[in-house]
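These notes concern the structure reproduced below.
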Amino acid sequence: MDLNKSCENQLKKIEKTILFNKVKGKDLIKITESKQLNLLLIKNIYDKWNNNFKRNKIPYFDYETNEVIDANDKMMNVLSKNISIEFDEFKKLFYHCSLELVELASNPKGFLKRDFLNLKWYDLDRIKMRAKYYEYFKDLFEILIGKIENNKEISIKSSELNKYLDEITIEQNKELILEVSSFMNCNPEDISKVEDKNDFKFYSLFSLNNNEVDNLINEALSKDSFENAADFILENLNDHYKKNILSDDVKKLLYEIKNTHKSSS
3 MDLNKSCENQ LKKIEKTILF NKVKGKDLIK ITESKQLNLL LIKNIYDKWN
53 NNFKRNKIPY FDYETNEVID ANDKMMNVLS KNISIEFDEF KKLFYHCSLE
103 LVELASNPKG FLKRDFLNLK WYDLDRIKMR AKYYEYFKDL FEILIGKIEN
153 NKEISIKSSE LNKYLDEITI EQNKELILEV SSFMNCNPED ISKVEDKNDF
203 KFYSLFSLNN NEVDNLINEA LSKDSFENAA DFILENLNDH YKKNILSDDV
253 KKLLYEIKNT HKSSS
């Protein structure tokens, strides 16, 4: 599988279909033959808006009031109708989302757990909105919605939502594997056997089970800055490593966190 070559071929096709060297919002939903990739492109634009909004908050306003939340949602709705991306910028987004497409197909649970941490809190409306970005996992979202409704929860932290996800068996979706392999012009086995590049190797630094450590690392990576991510990691080390924060193991962990945080920002 040659991801770069596949992306280059797709981008050449796209460039012939757009006007004035810009990709518009109306183009995105059918911009490739992969429904899931098109949805990931739209999702990433929304997430970039949301993360930019979070980074630029100043401590003089209450951003959690219903009035502010509603105004933010309305602004996003207006912006979504006026998407206009220079093609050179779109290329970067396209490569990123193509990589995400492979990750989602090969390791759906790991991808979804990382994705849920783009928001701190979820109510049913937010979960339903998130579900719209996932063509092949509607049943999974119905299960999550059912769990929240059964527990009579009005809203839930993303970290708690991931705990629900840990309770669910999520297999690779065969239809998605076929869609991705067709898009990448490769064998389905090439997609299904891709190893998760985010697999975590430092479980022994924490007094938690593997799922709990995975959730902790994903939450750290969702922090606004590497400094906040590092502080969060150091606070949750086991007693031995809290006393040895200058050890090589801790340094290697923070180095990986820094690189991953930088590449995802």
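Take the sequence shown: its position 45, counted from the start at 1, is 47 in this note's numbering, and no numbers get skipped. Don't be surprised by glycine CBs; every beta carbon is placed ideally from N, CA and C. These numbers were taken from a predicted model, which means no experiment stands behind them.
Buried or exposed, going by whether 16 or more other CB atoms sit within 10 Å of the CB of GLU229? For the purposes of this step, residue 229 is taken as residue 227 along the sequence shown, with counting starting at 1. Burial call: exposed.
Segment limits, alpha helix (DSSP H) that includes TYR65: One-based indexing of the sequence shown puts residue 65 at position 63. Per DSSP, TYR65 lies in no alpha helix (DSSP H) and is assigned neither H nor E.
May I ask you to report which of helix, strand or coil DSSP gives TYR136? One-based indexing of the sequence shown puts residue 136 at position 134. Residue state, collapsed to three classes: coil.
With three or more beta-carbon pairs closer than 8 Å as the criterion, would you say the region 114–127 touches the region 147–166? The answer is yes - the region 147–166 touches the region 114–127, with three or more Cβ pairs under 8 Å.
Between PHE118 and ILE85, what straight-line distance do the alpha-carbon atoms span, to the nearest angstrom? Counting from one through the sequence shown, the residue named residue 118 turns up at place 116. Counting from one through the sequence shown, the residue named residue 85 turns up at place 83. Straight across, the Cα-Cα distance linking PHE118 with ILE85 is about 24 Å.
Can the beta-carbon of ILE47 be found closer than 8 Å to that of ASN40? Here residue 47 corresponds to residue number 45 of the sequence shown, with the count starting at 1. Here residue 40 corresponds to residue number 38 of the sequence shown, with the count starting at 1. Here ILE47 is not near ASN40, since their CB atoms are 8 Å or more apart.
Residues near LEU95 in its chain [Cβ-Cβ closer than 8 Å; skip 5 each side]: Working through the sequence shown from its first residue, we reach residue 95 at position 93. Here the set comprises LEU43, ASN46, ILE47 and ILE87.
Using CA coordinates, which residue listed in HIS98, LEU106 and ASN58 is at the minimum distance from VAL182? On the sequence shown, residue 182 is found 180 positions in, with the first residue counted as 1. Nearest C-alpha to VAL182: LEU106.
So, is GLY148 buried or exposed, given that buried needs 16 or more other C-beta atoms within 10 angstroms? Sequence index remark: in the sequence shown, residue 148 carries index 146 (1-based). GLY148 is exposed by the Cβ-count criterion.
With distances taken between CB atoms, is the gap from LEU239 to LEU207 smaller than 8 Å? For the purposes of this step, residue 239 is taken as residue 237 along the sequence shown, with counting starting at 1. For the purposes of this step, residue 207 is taken as residue 205 along the sequence shown, with counting starting at 1. Judged by beta-carbon spacing, LEU207 lies within the 8 Å limit of LEU239, meaning their Cβ atoms are closer than that value.
Cross-strand partners of LYS7 (DSSP beta bridge): Position 5 of the sequence shown holds residue 7. None; LYS7 has no bridge partner.
Residue of GLU214, LYS50 and SER227 minimising C-alpha distance to HIS98: As a position in the sequence shown, residue 98 is number 96, starting the count at 1. Per the C-alpha coordinates, the member of GLU214, LYS50 and SER227 positioned closest to HIS98 is LYS50.
Within the same chain, show all residues whose beta-carbon is closer than 6 Å to that of LEU163, passing over the 5 residues directly before and after it, in chain order. Position 161 of the sequence shown, counting from 1, holds the residue named residue 163. Around LEU163: PHE118 and TYR124.
Would you mind giving the Cβ-Cβ distance between TYR138 and LEU178, rounded to the nearest angstrom? I have them listed as a contact below 8 Å. In the sequence shown, counting from the first residue as 1, residue 138 sits at position 136. In the sequence shown, counting from the first residue as 1, residue 178 sits at position 176. That pair is a contact at about 4 Å.
Terminal residues of the continuous beta strand (DSSP E) containing ASP226? Stepping through the sequence shown from its first residue, residue 226 is reached at position 224. From DSSP, ASP226 is part of no beta strand (DSSP E); its letter is neither H nor E.
Roughly how many angstroms separate the alpha carbons of GLU69 and LEU30, rounded to a whole number? Within the sequence shown, numbered from 1, the residue matching residue 69 stands at position 67. Within the sequence shown, numbered from 1, the residue matching residue 30 stands at position 28. Each residue's Cα considered, the two are about 30 Å apart.
Could you name the residues of the same chain whose beta carbon sits closer than 6 Å to that of GLU10, not counting the 5 residues immediately before and after it, in chain order? As a working note, residue 10 is residue 8 in the sequence shown. For GLU10, same chain residues with a beta-carbon under 6 Å away, outside a window of 5 residues either side, do not exist.
Thinking LEU248 and ALA232 are a contact (beta carbons under 8 Å), I'd like their distance in whole angstroms, please. In the sequence shown, the residue the question calls residue 248 occupies position 246. In the sequence shown, the residue the question calls residue 232 occupies position 230. At roughly 13 Å, the Cβ-Cβ gap does not stay under 8 Å, so LEU248 and ALA232 are not in contact.
Can you tell which of PHE234, PRO110 and PHE92 has the C-alpha that lies nearest to the C-alpha of VAL12? Here residue 12 refers to the residue found at position 10 of the sequence shown. Note on residue identity: the sequence assigns Gln, not Val, to residue 12. The shortest C-alpha to C-alpha distance from GLN12 to any of PHE234, PRO110 and PHE92 is the one to PHE92.
Ordered along the chain, which non-local residues of its own chain (more than five positions away) have a Cβ less than 7 Å from that of ASP226? As a position in the sequence shown, residue 226 is number 224, starting the count at 1. Excluding residues within five positions, the ones whose Cβ falls inside 7 Å are LYS56 and ARG57.
Can you give me the start and stop residues for the beta strand (DSSP E) that LYS24 sits inside? The residue labelled residue 24 in the question sits at position 22 within the sequence shown. Unbroken beta strand (DSSP E) run through LYS24: 24–26.
Straight-line CA distance for ILE172 to LEU146? Working through the sequence shown from its first residue, we reach residue 172 at position 170. Working through the sequence shown from its first residue, we reach residue 146 at position 144. Going by the C-alpha atoms only, they are around 12 Å apart.
Which first and last residues belong to the beta strand (DSSP E) in which GLU88 is found? Here residue 88 is taken as the residue at index 86 of the sequence shown, counted from 1. Unbroken beta strand (DSSP E) run through GLU88: 86–88.
Among residues of its own chain, excluding the 5 on either side of ASP90, which ones have a beta-carbon nearer than 8 Å to its beta-carbon? As a working mapping, residue 90 is identified with position 88 in the sequence shown. Cβ neighbours of ASP90 beyond the five flanking positions: none.
Strictly by DSSP, which residues pair up with TRP123? For the purposes of this step, residue 123 is identified with residue 121 of the sequence shown, where counting begins at 1. Residue pairing from DSSP places TRP123 in a beta bridge opposite LYS159.
In terms of alpha-carbon separation, which member of LEU101, THR67 and ASN54 lies closest to MET78? The sequence position of residue 78 within the sequence shown is 76, counting from 1. Closest by alpha carbon: ASN54.
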